[in-house]
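Note sheet for the following structure.
There are 2 protein chains.
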Amino acid sequence: MKNYSTQMDAAKKGIITQEMMHVAKDENITVERLMALMSEGQLVIPTNKNHTSLTPYGLGNALRTKINVNLGTSKDCLNIEEEFKKFQTAIDLGAEAIMDLSSYGDTKRFRRELIARSTAMIGTVPIYDGLVYYNKPLNEITEEEWLDVVEMHAEDGVDFITLHCGLNREIAEKIKNTNRLMPMVSRGGALIFSWMEMTGRENPFYEHFDQVLEICREYDVTISLGDACRPGCLADAGDIAQIAELVTIGELTKRAWKKDVQVIVEGPGHVPLNQIEANMTIQQSICSGAPFYVLGPLVTDVAPGYDHITSAIGGAIAASQGASFLCYVTPAEHLRLPNTDDVKEGIIACKIAAHAADVAKGLSGAALWDYKMSVARKNLDWDTMFELAIDPEKAKRYRKDSHPENPDTCTMCGKMCSIRNMKKAMAGDHVDIMD
Amino acid sequence: MKNYSTQMDAAKKGIITQEMMHVAKDENITVERLMALMSEGQLVIPTNKNHTSLTPYGLGNALRTKINVNLGTSKDCLNIEEEFKKFQTAIDLGAEAIMDLSSYGDTKRFRRELIARSTAMIGTVPIYDGLVYYNKPLNEITEEEWLDVVEMHAEDGVDFITLHCGLNREIAEKIKNTNRLMPMVSRGGALIFSWMEMTGRENPFYEHFDQVLEICREYDVTISLGDACRPGCLADAGDIAQIAELVTIGELTKRAWKKDVQVIVEGPGHVPLNQIEANMTIQQSICSGAPFYVLGPLVTDVAPGYDHITSAIGGAIAASQGASFLCYVTPAEHLRLPNTDDVKEGIIACKIAAHAADVAKGLSGAALWDYKMSVARKNLDWDTMFELAIDPEKAKRYRKDSHPENPDTCTMCGKMCSIRNMKKAMAGDHVDIMD
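Chains as they are written, first to last, in our numbering: chain A, 106 to 540; chain B, 106 to 540.
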């Protein structure tokens with residue numbers, strides 16, 4: 106019998122768990138520092154007691170930036186095989202988390218199989234699943250039923266769940282009374298808002314937050330406090346609705362910590378580049394350093410088809426300024442459900458952002474990867490360059506498609522290659538592009 | 106007969122040129138402010154007197170961020186038709202500048218045709234062309250011959266030329282004596298360094314800088330002071346060689362201004378995200394606000410195949426912090442000469458970075474594009490979304506490949522679409538995903 110409930114509880118009690126040892130070793134920090142951060146809520150290890158295949162990962166500003174991959178069935182795309190392909194792509198490319206956002210079909214079966222197979226942590230948004238599970242009109246779902254879905258996901262082994270607990274009636278009024286261009290772009294938030302409007306009741310995840318905490322504590326599910334009011338366009342960034350909800354989330358964060366429940370906080374959204382740092386700073390102060398999980402942020406609204414890039418820009422800045430967990434965005438965002446190719450592109454862009462931020466933060470060992478790549482580049486050692494590339498397959502394919510006359514150089518510069526010429530010049534040799 | 110030599114000379118004399126009027130109108134600033142900035146060197150309008158097809162664009166921190174597209178023949182890829190396809194892609198996608206980096210074949214003919222056709226400003230690196238033009242060993246090219254190539258390009262109508270004037274013998278010694286991982290990754294810089302090493306002479310573009318200025322003044326060619334010592338890997342960023350060269354460039358900038366020659370300054374390179382702001386600030390102080398033209402910066406070395414993304418991250422930050430001109434980077438960087446598809450991807454990524462920065466700087470009108478897109482998104486007005494998209498073709502194609510049951514929404518969310526549901530909920534209507 107374990108003498109602690111959650112990883113946070115263990116940390117507070119000074120108990121070193123296996124998960125802590127694993128993460129400390131993986132991240133090259135001491136278990137003591139890890140525990141101190143965990144007991145203060147600034148670092149979490151989402152690890153549902155029922156997710157036995159999990160490789161534990163830590164989320165926190167002091168650690169490597171982690172990335173999440175969304176997948177799941179929808180009514181328009183009910184292709185289980187394709188979703189498992191996306192899953193495999195995510196695992197192969199090293200994503201630390203996968204959110205199953207399924208909203209159609211046999212979601213329970215899919216979720217259980219996913220959890221059984223996944224070494225990455227699994228997150229869900231129980232609200233979506235409630236609609237599938239009960240298969241009845243939204244306004245007829247009861248408060249108990251909403252909470253039952255949370256318990257069902259916890260029991261199935263979900264490591265973190267997004268709940269839009271901060272969207273209480275007070276915040277909903279602000280949404281109605283402020284002149285937002287896009288009132289709410291959070292899918293789950295809009296459903297809860299609609300439910301509240303139709304039933305006239307308080308958000309059940311806010312009203313019965315203590316009950317939610319009990320469930321999370323029992324299975325050690327990390328709560329991801331969803332930002333229903335995240336800005337869905339630059340024009341709404343940093344407005345009253347967003348920040349008011351963040352304040353509520355900050356209060357809920359502390360209530361969760363008192364019950365030893367691990368918390369991460371979700372963040373924007375669409376944010377102009379110059380507002381990202383302020384967003385990170387304010388979240389860290391309001392939520393006392395709870396790990397920040399950002400959805401982007403996208404630095405412009407005008408690039409559908411390229412939102413993996415708009416969010417890589419925002420994500421890199423966010424992670425270098427305090428965010429510890431990036432949700433990937435694919436080129437399909439705002440256009441369609443991503444296919445497996447989109448998923449791959451989204452993951453790579455997100456990994457670039459995460460790594461760039463880790464280097465910027467001066468994280469121990471992060472720049473070593475770049476250093477090794479540069480040594481290989483300096484030596485025109487193509488095999489090692491491919492091996493170290495974030496996507497060896499694409500790098501190899503690109504080079505293979507071209508035919509440099511000199512096998513050492515590439516078709517960009519040929520014998521004008523600066524690496525080639527400097528090697529000779531620094532050695533005092535004759536340099537020419539004619540030989 | 107014009108009563109001024111260069112645009113800068115005109116600005117100093119208080120003469121309003123047609124180019125100034127065009128740029129002021131295009132950028133929505135007063136001609137008075139434009140002239141004041143131009144007379145202080147903080148804004149340039151590269152416009153060679155012999156480039157008659159040019160649409161004048163201004164470069165400067167106070168204006169929209171501009172982008173440059175590199176193209177040109179090489180020994181490995183001598184396909185004039187493909188290069189003109191790249192040219193057309195650049196023009197169609199709104200690139201304001203094109204650098205012709207041709208290093209093989211009938212470069213003179215290609216350059217002249219490019220200039221005759223191009224509404225975008227044209228830049229070149231005469232050093233590359235010197236090797237083609239004289240067709241003799243590098244060390245046998247004389248100082249006069251190097252300068253003659255500059256004059257030839259000026260006469261042909263090139264609007265801005267990159268010359269690595271800052272790489273004098275003192276800086277070359279620093280390159281040899283500091284422990285850089287990658288001594289020099291600038292193609293032109295490495296050629297000049299090699300020429301200096303082999304001949305034992307001073308860099309002709311440094312030694313005869315006054316003569317260079319005479320040529321530039323005569324044709325109103327803007328000098329782009331090349332950064333031969335730009336870091337080629339994160340490990341070398343911000344080192345002595347880079348900053349020492351920047352100091353020299355700062356001195357040369359002021360000498361150019363005295364002769365009324367317009368100047369832009371080239372910048373890194375590979376730079377960790379956390380060093381970008383400092384780079385921009387230092388360049389602006391050392392070079393007294395001369396427009397900064399950055400090559401990236403790339404925020405990690407590990408992503409060959411995705412360097413349009415690594416540089417979009419760096420470019421967006423750089424431009425938001427002071428850079429006014431971004432050189433695109435394509436997915437082919439570090440691997441091969443880009444093809445037309447690579448060029449397109451590079452341009453779009455660079456445009457995203459430039460626009461995100463313009464929004465961040467609060468540039469008049471920049472955020473209006475995002476606003477309009479968001480209004481269309483809020484209205485689920487797909488036609489307008491496509492029209493406003495940075496790449497309408499890709500956005501349309503992505504959506505067309507998917508088949509949403511509801512023509513208003515997309516396959517990502519279907520009836521769970523937050524826009525759809527909030528529209529109903531805000532209007533007090535019933536919301537359901539079953540209908």
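Note that beta-carbon positions come from the ideal geometry of N, C-alpha and C, so glycine has one too.
Limits of the unbroken beta strand (DSSP E) element including residue i
{"i": "Tyr398(B)", "result": "397-400"}
{"i": "Leu176(B)", "result": "171-176"}
{"i": "Ile369(B)", "result": "368-372"}
{"i": "Cys432(A)", "result": "430-432"}
{"i": "Leu442(B)", "result": "It is not in any beta strand (DSSP E) - Leu442(B) carries neither H nor E in the DSSP assignment."}
{"i": "Thr267(B)", "result": "265-268"}
{"i": "Thr229(A)", "result": "226-229"}
Integer-rounded CB distance, given that residue j should sit under 8 Å from residue i
{"i": "Glu201(A)", "j": "Ala225(A)", "result": "6 Å"}
{"i": "Ile150(A)", "j": "Pro161(A)", "result": "5 Å"}
{"i": "Ile203(B)", "j": "Ile227(B)", "result": "6 Å"}
{"i": "Leu272(B)", "j": "Asn308(B)", "result": "5 Å"}
{"i": "Asn133(A)", "j": "Ser416(A)", "result": "Asn133(A) to Ser416(A), Cβ: 28 Å. No contact."}
{"i": "Arg285(A)", "j": "Asp332(A)", "result": "With a Cβ gap of about 14 Å, Arg285(A) and Asp332(A) do not count as contacting."}
{"i": "Ile328(A)", "j": "Val366(A)", "result": "6 Å"}
{"i": "Val407(B)", "j": "Ala423(B)", "result": "About 20 Å separates the two Cβ atoms, so there is no contact after all."}
{"i": "Leu378(A)", "j": "Ala462(B)", "result": "7 Å"}
{"i": "Gly419(A)", "j": "Gly394(A)", "result": "With 8 Å as the limit, Gly419(A) and Gly394(A) do not qualify as a contact, their Cβ atoms being about 21 Å apart."}
{"i": "Ser179(A)", "j": "Leu442(A)", "result": "6 Å"}
{"i": "Asp261(B)", "j": "Leu159(B)", "result": "Contact doesn't hold; Cβ gap of about 13 Å is too wide."}
{"i": "Phe298(B)", "j": "Leu268(B)", "result": "Going by Cβ atoms, the distance from Phe298(B) to Leu268(B) rounds to 14 Å, so no, they are not a contact pair."}
Extent of the continuous alpha helix (DSSP H) to which residue i belongs
{"i": "Ala423(A)", "result": "412-425"}
{"i": "Glu245(A)", "result": "Where Glu245(A) is concerned, there is no enclosing alpha helix (DSSP H), given that its DSSP letter is neither H nor E."}
{"i": "Ser329(A)", "result": "That residue, Ser329(A), is in no alpha helix (DSSP H); its beta strand (DSSP E) goes 327-330."}
{"i": "Met140(B)", "result": "136-144"}
{"i": "Gly294(A)", "result": "292-304"}
{"i": "Gly355(A)", "result": "345-363"}
{"i": "Ala116(B)", "result": "112-118"}
{"i": "Arg274(B)", "result": "274-282"}
Any C-beta of chain B under 8 Å from that of residue i
{"i": "Met204(A)", "result": "no"}
{"i": "Tyr233(A)", "result": "yes"}
{"i": "Gly281(A)", "result": "It should be pointed out that residue 281(A) corresponds to Lys in this sequence rather than to Gly. Taking Cβ atoms only, chain B reaches closer than 8 Å to Lys281(A), which makes this a yes."}
{"i": "Tyr311(A)", "result": "no"}
{"i": "Met385(A)", "result": "no"}
{"i": "Leu400(A)", "result": "no"}
{"i": "Leu378(A)", "result": "yes"}
{"i": "Gly343(A)", "result": "no"}
{"i": "Val536(A)", "result": "yes"}
{"i": "His460(A)", "result": "yes"}
Cβ of residue i within 8 Å of any chain A Cβ
{"i": "Thr194(B)", "result": "no"}
{"i": "Leu442(B)", "result": "yes"}
{"i": "Met178(B)", "result": "Here the sequence assigns Thr to residue 178(B), which means Met is not the residue at that position. No, no contact with chain A."}
{"i": "Val174(B)", "result": "no"}
{"i": "Thr516(B)", "result": "yes"}
{"i": "Leu510(B)", "result": "In the sequence as displayed, the identity of residue 510(B) is Glu instead of Leu. By this cut-off, Glu510(B) is an interface position."}
{"i": "Tyr503(B)", "result": "yes"}
{"i": "Lys499(B)", "result": "yes"}
{"i": "Asp513(B)", "result": "no"}
{"i": "Met303(B)", "result": "yes"}
{"i": "Asp211(B)", "result": "no"}
{"i": "Ser432(B)", "result": "The residue asked about is misnamed: residue 432(B) is Cys in this sequence, not Ser. Chain A, which has no Cβ nearer than 8 Å to the Cβ of Cys432(B), makes this no."}
{"i": "Asn526(B)", "result": "yes"}
{"i": "Cys455(B)", "result": "no"}
Chain E within 8 Å of residue i, Cβ atoms only
{"i": "Met539(B)", "result": "Considering every chain present, this structure includes no chain E. Its protein chains are A and B."}
Using a Cβ cut-off of 9 Å, which residues of the segment 463-493 of chain B contact any Cβ in chain A, in chain order?
Legend: CB atoms of the segment 463-493 of chain B lying less than 9 Å from CB atoms of chain A belong to residues Val464, Ala465, Lys466, Gly467, Ala472, Trp474, Asp475, Tyr476, Lys477, Met478, Ser479, Val480, Arg482, Lys483, Met490, Phe491, Leu493.
Relative to chain A, which residues along the segment 230-256 of chain B have a C-beta separation below 9 Å, given in chain order?
Tyr233, Leu236, Asn240, Lys241, Pro242, Leu243, Asn244
Length at least 4, wholly inside the segment 458-494 of chain A: the alpha helix (DSSP H) runs in chain order
471-483, 487-493
Restricting to runs no shorter than 3 residues, where is the beta strand (DSSP E) found entirely within the segment 156-216 of chain B?
171-176, 202-205
Below 9 Å between beta carbons is the criterion; list the residues of the segment 274-298 of chain A that meet it against any residue of chain B, in chain order.
Ile280, Lys281, Leu286, Met287, Pro288, Met289, Val290, Ser291, Arg292, Gly293, Gly294, Ala295, Leu296, Phe298
The segment 148-173 of chain A: positions lying closer than 9 Å to chain B by Cβ:
Only those residues of the segment 148-173 of chain A whose C-beta falls short of 9 Å from the nearest C-beta of chain B would be listed, and there are none.
When you check each C-beta in the segment 402-417 of chain B against every C-beta of chain A, which residues fall closer than 7 Å?
Within the segment 402-417 of chain B, contact with chain A at the beta-carbon level (separation under 7 Å) is assigned to Val404, Thr405, Asp406, Val407, Ala408, Pro409, Gly410, Tyr411, Ile414, Thr415, Ala417.
Can you list, in chain order, the residues of the segment 324-353 of chain A whose Cβ is nearer than 7 Å to any Cβ on chain B?
Only Cys338, Leu339, Ala340 from the segment 324-353 of chain A bring a Cβ to less than 7 Å from some Cβ of chain B.
Listed in chain order, which residues of the segment 258-272 of chain A have Cβ atoms closer than 9 Å to some Cβ of chain B?
none
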